[in-house]
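These notes are about the structure you will find just below.
Number of protein chains: 2
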Amino acid sequence: MLIQVEDAADPRLADYVRLRDMDLRKSLESEHGLFIAEGEKVIRRAVGAGHPVRSILTTAKWVERGLPDHIADVAGETTVYVVSDQVMAGVTGFPVHRGALASMGRTALPEVRELLNGTRRIVVLEDLTDHGNVGAIFRCAAALGVDAIVLSPRCADPLYRRSVKVSMGAVFAIPYARMIDWHGGLAEIRAAGFRTLALTPDQSATPLDEVVMAERVALLLGSEGDGLSSHWLKEADQPVRISMSPAAMELGVDSLNVVAAAAIACHGLLRR
Amino acid sequence: MLIQVEDAADPRLADYVRLRDMDLRKSLESEHGLFIAEGEKVIRRAVGAGHPVRSILTTAKWVERGLPDHIADVAGETTVYVVSDQVMAGVTGFPVHRGALASMGRTALPEVRELLNGTRRIVVLEDLTDHGNVGAIFRCAAALGVDAIVLSPRCADPLYRRSVKVSMGAVFAIPYARMIDWHGGLAEIRAAGFRTLALTPDQSATPLDEVVMAERVALLLGSEGDGLSSHWLKEADQPVRISMSPAAMELGVDSLNVVAAAAIACHGLLRR
């Protein structure tokens, strides 16, 4: 059902307000159990992953051009708010170029124990707080065949708009769960029979190429600045590293960003 | 020499104006042959790479705390403009948290032919226009032992502030040159004896693991959206690919971002 809305302050558009205000969005999205999908491709994937559509927001210009088939299908069963470019920018805080936004309902995440059923190759993220990095790692992990991702309690939200966008929708393609308890979380994964490999820049760790794989393997990745906590490093079965160029070490260019490191490690380890 | 400046419009601060205005900065920096280094670590690396310091801009707060030794050394031989936090934000357009900015002089890039002397493993970037991606690829390439980088004429500037920042200063650690002629540029590299490998998502290309290496190898990377041009793909010695997970292909998560792809390919190929 198409509904014209003329006023950026109309309460029916409340799901879409100030999309670049991270603090506001975090509380709004968690309180109302929603997230925003941007653009036709992402909306299609979010719907495909079983998320209910709360509403769609688009501009008159896009409606005139004809909504993409898939959006039109979804639109038949939900409310589509149609606004001018000015109202769109007024509500969201920026000019939206991808035609349509959808407010989607969150669905309950599985528990870690449940998530691990039937998986062999997983990635565990400890305290990655950058939404772009989380999204990029989901994209890599999905493309390279990782079965599932476990997040520590403080990791950034994969359904935050920027994570979803950077992931190119991969957050809907790879199952994930969030630990309740950081301190005991790794022990639960080890108890499920996973060999836990802690990726570290420490050059005394085992190079990727020399790692002996196991039936079930979990790759642990820490945050960009601090790397993995000493608690997790100590508890992991083995520290592993990416071999750096000796010349680079001398120049002090001795680390990779977490996404590059994740890509190399997923490619090198988890395909085996 | 420390000079207090009270007015954000003072012409002596002209090198530092509106650092987030990309169009303005591009023309200003190329016309005056300068670039901006941000923070002590990056300034140190830029100086170490032989770039002359035009001036430094810092805040009274940082001067009171005591400038880091290295900045103090540099500061002894140049002009240091000291401003309030308000003037800093007024000039640059945002609150600078890294203490000091330096305006550095650009030095002439080598010609491609000159750059290639003595190199065995190089990366060639075709039309990567995103500064963050260019910086991240420099960081990967430097850490993984790539000898040099060649840019196509339309590639983003590695000395733009965002490239420098994302590279963590690696743009000063790895030599690079820019082709004059896109159409004939690859032929010049091949004529220098490089085997040119074109990275492509095309799953009929040779997987990385199966590539037969040569004495001199050039890895060609195209832009995020379009990949390599058909001209370069056709001219390259061999198309190569990263193996994707079959499950991911089915889900449509069938590509990696260019930085992740570059990291995997540099790690997989160029260390050999």
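Residue numbers (full-length UniProt numbering), protein chains in the order written: chain A, 1 to 272; chain B, 1 to 272.
Glycine included, every Cβ here is placed at the ideal spot set by N, Cα and C.
| Item | Value |
| --- | --- |
| Listing by chain order, which chain A residues have their CB less than 9 Å from the CB of Ile122 (chain B)? | Chain A residues near Ile122 (chain B): none, gap ~14 Å exceeds 9 Å. |
| Distance, Cα to Cα, Asp181 (chain A) vs Ser152 (chain A)? | 8 Å |
| Give a yes or no on whether 9 Å exceeds the smallest Cβ distance from Gly268 (chain B) to chain A. | yes |
| Quick one, are the C-beta atoms of Leu270 (chain A) and Arg154 (chain A) less than 9 Å apart? | no |
| Please tell me whether Ala156 (chain B) has its Cβ less than 9 Å away from any Cβ of chain A. | no |
| Only counting the same chain, and skipping five residues up and downstream in sequence, which positions put a Cβ closer than 6 Å to that of Ala100 (chain A)? | Ile56, Thr58, Ile71 |
| Starting from Glu6 (chain A), follow the beta strand (DSSP E) in both directions and report where the run begins and ends. | It is not in any beta strand (DSSP E) - Glu6 (chain A) carries neither H nor E in the DSSP assignment. |
| For the candidate residues B:Ala136, B:Ala142, B:Asp147, whose alpha-carbon lies nearest to that of Arg161 (chain B)? | B:Ala136 |
| Spatial neighbours of Thr78 (chain B) within its chain, please: CB distance less than 7 Å, with the 5 preceding and 5 following residues excluded, ordered by chain position. | Val53, Ser55, Ile56 |
| Can you give me the Cβ contacts of Ile43 (chain B) inside the same chain, cut-off strictly under 6 Å, excluding the 5 residues immediately before and after it? | Ala37, Ala102 |
| Given a threshold of 16 other Cβ atoms within 10 Å of its Cβ, counted over all protein chains shown, does Thr129 (chain B) qualify as buried or as exposed? | exposed |
| I'd like to know whether the C-beta atoms of Leu219 (chain A) and Gly227 (chain A) end up nearer to each other than 9 Å. | no |
| Is it the case that the Cβ atoms of Leu19 (chain A) and Thr92 (chain A) are separated by a distance below 9 Å? | yes |
| Over what stretch of residues does the alpha helix (DSSP H) that includes Gln86 (chain B) continue unbroken? | 85-92 |
| So with CB distances below 9 Å, who are the chain B contacts of Arg139 (chain A)? | Val253, Ser255, Leu256, Asn257, Ala260 |
| From the beta carbon of Ile36 (chain B), is the nearest beta carbon of chain A less than 9 Å away? | no |
| To the nearest angstrom, how far is the alpha carbon of Ala148 (chain B) from that of Val258 (chain A)? | 23 Å |
| Going by DSSP in three states, Gly118 (chain A) sits in which element: helix, strand or coil? | coil |
| Quick one: residues in its chain with C-beta nearer than 6 Å to the C-beta of Met168 (chain B), no 5 flanking neighbours on either side, listed in chain order? | Arg139 |
| Give me the residue from B:Glu235, B:Ile242, B:Arg216 with the minimum Cα distance to Val146 (chain B). | B:Arg216 |
| Using only alpha-carbon positions, find the residue among A:Val171, A:Ser243, A:Gly185, A:Glu29 that is nearest to Thr206 (chain A). | A:Ser243 |
| Could you tell me which chain B residues have their CB closer than 7 Å to the CB of Ala218 (chain A), listed as they occur along the chain? | None at all; the shortest Cβ gap to chain B is about 17 Å. |
| Where does Lys26 (chain A) land, buried or exposed, given buried means 16+ other C-beta within 10 angstroms? | exposed |
| What is the DSSP secondary structure of Ser55 (chain A), reduced to helix, strand or coil? | strand |
| Alpha carbon to alpha carbon, what distance is there between Gly48 (chain B) and Pro68 (chain B)? | 16 Å |
| Give the straight-line distance between the Cα atoms of Met249 (chain A) and Glu210 (chain A), rounded to the nearest whole angstrom. | 21 Å |
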